[in-house]
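In full-length UniProt numbering, the protein residues as written are 1 to 526.
If you want it as structure tokens, here you go:
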């Protein structure tokens with residue numbers, strides 16, 4: 001007899017990065033790496049599970065920027081070139097490593113892997129959303145939406161119209177891409193504040209995912225903690241992250257990805273091969289970058305890394321998947337003894353952990369799902385929507401404002417390093433609201449300009465930019481993106497105010513920042 005449910009939720013997001021004006025864009029590789037290392041391997045896992053008649057359900061959020069990029073013809077052409085380069089490099093590696101048996105075996109492994117990735121990519125007509133739409137239709141995948149540009153919504157409450165615009169555009173974009181309205185939403189960074197649920201209800205959202213603190217510190221205090229969802233006073237269900245299953249994967253001390261037999265992320269031939277050899281496969285500016293070919297395992301806290309052993313890594317994957325399944329069994333067995341409803345364990349993670357940072361991650365998901373379908377497990381894999389369809393909601397409560405970031409608060413996205421962003425955003429938001437309230441029935445050119453102003457504002461609101469700045473990674477790029485979108489917004493505002501729209505410039509910006517082709521600026525109306 002099943003003692004409860006487990007819901008595995010993968011949050012898939014990339015900031016909107018698209019630079020046709022550049023011959024070579026380092027930042028576009030963020031998407032290409034995620035496609036090769038995360039999304040396509042997961043598609044392969046789901047396909048094989050279906051082929052083997054394994055019963056499963058899994059949830060993935062796919063944010064509107066990521067959906068847009070996965071459907072974009074220009075980016076898919078560049079990805080194909082990226083993938084063909086990976087295959088070419090791996091073939092050269094087979095030749096270069098021929099005198100080292102261990103390295104040569106790994107070179108063949110990467111060559112086979114890249115070719116398989118290309119086969120899967122072609123199978124779905126070079127549109128990965130074709131695969132995700134198929135899994136959605138088959139009922140094995142529940143796709144969540146997110147705010148339109150992954151904006152941290154609690155930091156936009158000074159202008160509530162902007163929050164509604166983010167949600168309305170997200171729902172519209174999802175519906176156009178997936179073919180039906182979303183039932184659930186991943187609030188960016190699991191960030192919740194009071195009254196967000198009113199807007200979610202207005203746009204037909206049934207539930208969202210939260211940090212555990214949102215549930216555990218809710219008012220009144222939920223009877224069963226995160227083992228059941230709560231309902232807000234506006235009827236939106238809230239699913240809280242389970243901390244035990246989170247620690248087993250995320251923890252830098254005890255998490256599975258740190259096992260010494262897994263692949264070492266930070267040793268890539270892009271940094272180690274001779275420059276004259278690797279130059280054709282890295283940035284045209286001569287900047288050494290990751291190629292995806294990594295020959296070493298973590299080994300331990302030492303610079304003397306040993307060669308990666310795929311067979312040993314796969315043995316560890318099976319061990320860890322079994323340990324993870326055992327842990328969920330034990331949790332649910334204990335919870336069931338103290339509950340009069342079916343307990344649920346919610347396991348949310350960033351998709352990009354699985355395959356990018358943790359190379360063996362998709363294999364772990366495959367093994368865990370297969371084990372979960374066996375009789376010895378005492379739970380059933382489900383999605384949040386299926387859970388609330390089949391189980392009564394126990395308690396109505398007000399979630400505590402929180403995020404899944406550091407300290408469970410907003411400080412990662414609002415601090416002395418990045419607070420300057422919000423002054424610019426709030427001024428532009430107020431200007432956008434004025435435009436929407438003023439221009440009810442504009443001519444066609446003005447309407448185009450107003451819609452582009454809405455796009456530029458939303459792109460500037462992305463939480464990726466303050467996150468990057470706080471973490472001191474590609475800071476120059478993040479600052480440039482914020483300033484360029486605000487600058488474009490300001491020019492459009494001034495052109496409209498002067499009744500003198502630069503149509504040539506507008507057409508160029510529309511072609512560059514082409515997200516949300518059917519956006520309607522009127523969503524900003526008061």
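C-beta: ideal position from N, C-alpha, C; glycine also.
Cα-Cα separation, residue 272 to residue 354: For residue 272 and residue 354, the distance between alpha carbons rounds to 25 angstroms.
In this structure, how does DSSP classify residue 142 when only helix, strand and coil are distinguished? Note: residue 142 maps to strand in three-state DSSP.
Length of the line joining the Cα atoms of residue 468 and residue 7: Rounded to the nearest angstrom, the gap between the Cα atoms of residue 468 and residue 7 is 30 angstroms.
Starting from the Cα of residue 40, find the closest Cα among 89, 117 and 218 and give me that residue. Closest by alpha carbon: 117.
Using 8 angstroms as the Cβ pair cut-off and three pairs as the minimum, do the stretch 54-70 and the stretch 101-115 touch? In this structure the stretch 54-70 does not lie against the stretch 101-115, because fewer than three pairs of beta carbons, one per stretch, are closer than 8 angstroms.
Close-in-space but distant-in-sequence residues of the same chain around residue 28 (CB under 8 angstroms, 5 per side omitted): The residues are 17, 18, 19, 75 and 78.
Compare the Cα-Cα distances from residue 65 to each of 279, 112 and 172 and report the closest residue. Looking at the Cα atoms, 172 is the closest of the given residues.
Measuring alpha carbon to alpha carbon, tell me which of 30, 311, 170 and 62 ends up nearest residue 82. Cα-wise, what sits closest to residue 82 is 30.
Would you list the one or two residues that DSSP bridges to residue 524? For residue 524, which the question treats as bridged, DSSP gives no partner whatsoever.
Helix, strand or coil for residue 426 per DSSP? Correct three-state label for residue 426: helix.
Bounding residues of the beta strand (DSSP E) (the contiguous stretch that carries residue 350): Start and end: 344-350.
Among the candidates 401, 456, 175 and 184, whose CA atom is the shortest distance from the CA of residue 212? Checking every option, the nearest Cα to that of residue 212 belongs to 401.
Classify residue 210: buried if its beta carbon has 16 or more other beta carbons within 10 angstroms, exposed otherwise. By the neighbour-count rule (16 or more Cβ atoms within 10 Å), residue 210 is buried.
Closest by CA to residue 378, which one among 363, 343, 201 and 26? Restricting attention to 363, 343, 201 and 26, the CA atom closest to the CA of residue 378 is found in 343.
Are residue 201 and residue 235 touching if we call contact CB-CB under 8 angstroms? It is a contact, given that the beta carbons lie within the stated cut-off.
Just to confirm, are residue 73 and residue 356 a CB contact at a threshold of 8 angstroms? A distance of 8 angstroms or more separates the beta carbons of residue 73 and residue 356.
Taking the DSSP output, what are the residues bridged to residue 527? Residue 527 cannot be examined here, being either before or after the span of the chain that is shown, 1 to 526.
On the DSSP bridge assignment, give the partners of residue 8 in chain order. Residue 8 pairs with 347.
With DSSP run on the structure shown, which of helix, strand or coil describes residue 412? In this structure, residue 412 counts as coil in the three-state DSSP scheme.
When burial is assigned at 16 or more other CB atoms within 10 Å of the CB, is residue 251 buried or exposed? Classification for residue 251: exposed.
So, at 6 angstroms on beta carbons, what are the nonlocal neighbours of residue 360 in its own chain, with the 5 sequence-adjacent residues on each side left out? Same-chain partners within the cutoff: 262, 313 and 317.
Between the stretch 427-436 and the stretch 149-168, are three or more C-beta pairs nearer than 8 angstroms? In this structure the stretch 427-436 lies against the stretch 149-168, because at least three pairs of beta carbons, one per stretch, are closer than 8 angstroms.
With a CB to CB cut of under 6 angstroms and the five nearest residues on each side skipped, what residues in its chain are close to residue 68? Excluding sequence neighbours, residue 68 sits near 515.
Out of curiosity, what's the CA-to-CA distance linking residue 480 and residue 246? Linking residue 480 to residue 246 through their CA atoms gives a straight-line distance of about 34 angstroms.
Rounded C-alpha distance that separates residue 189 from residue 98: Cα to Cα, residue 189 sits roughly 46 angstroms from residue 98.
Determine the burial state of residue 182: buried for a count of at least 16 other Cβ atoms within 10 Å of its Cβ, exposed for fewer. In summary, residue 182 is buried, with 16 or more beta-carbon neighbours lying within 10 Å of its beta-carbon over all protein chains present.
Alpha carbon to alpha carbon, how far is residue 501 from residue 442? Approximately 13 angstroms, taken between the alpha carbons.
Please report the residue range of the alpha helix (DSSP H) in which residue 108 lies. Residues 101-123.
What residues are listed by DSSP as bridge partners for residue 59? Residue 59 is bridged by DSSP to 9 and 142.
Leaving out the 5 sequence neighbours to the left and right, which residues in its chain are closer than 7 angstroms to residue 612 when beta-carbon positions are compared? Absent from the model: residue 612. The displayed extent of the chain is 1 to 526, so no value can be given.
Is residue 513 closer than 8 angstroms to residue 456 when the C-beta atoms are compared? For residue 456 and residue 513, yes; Cβs fall inside 8 angstroms.
Which term fits residue 3, buried or exposed, when burial requires 16 or more other beta carbons within 10 angstroms of its beta carbon? With 16 or more other Cβ atoms within 10 Å, it is buried.
Could you tell me the alpha carbon to alpha carbon distance between residue 24 and residue 281, rounded to whole angstroms? If I take the Cα positions, the gap works out to 12 angstroms.
For residue 524, the nearest candidate out of 465, 156 and 437 (CA to CA): Nearest of 465, 156 and 437 to residue 524, Cα basis: 437.
Mapping the DSSP letters down to three states, classify residue 184 as helix, strand or coil. Three-state result, residue 184: strand.
Going by DSSP in three states, residue 26 sits in which element: helix, strand or coil? Looking at residue 26 - three-state DSSP - the assignment turns out to be coil, as it is neither helix nor strand.
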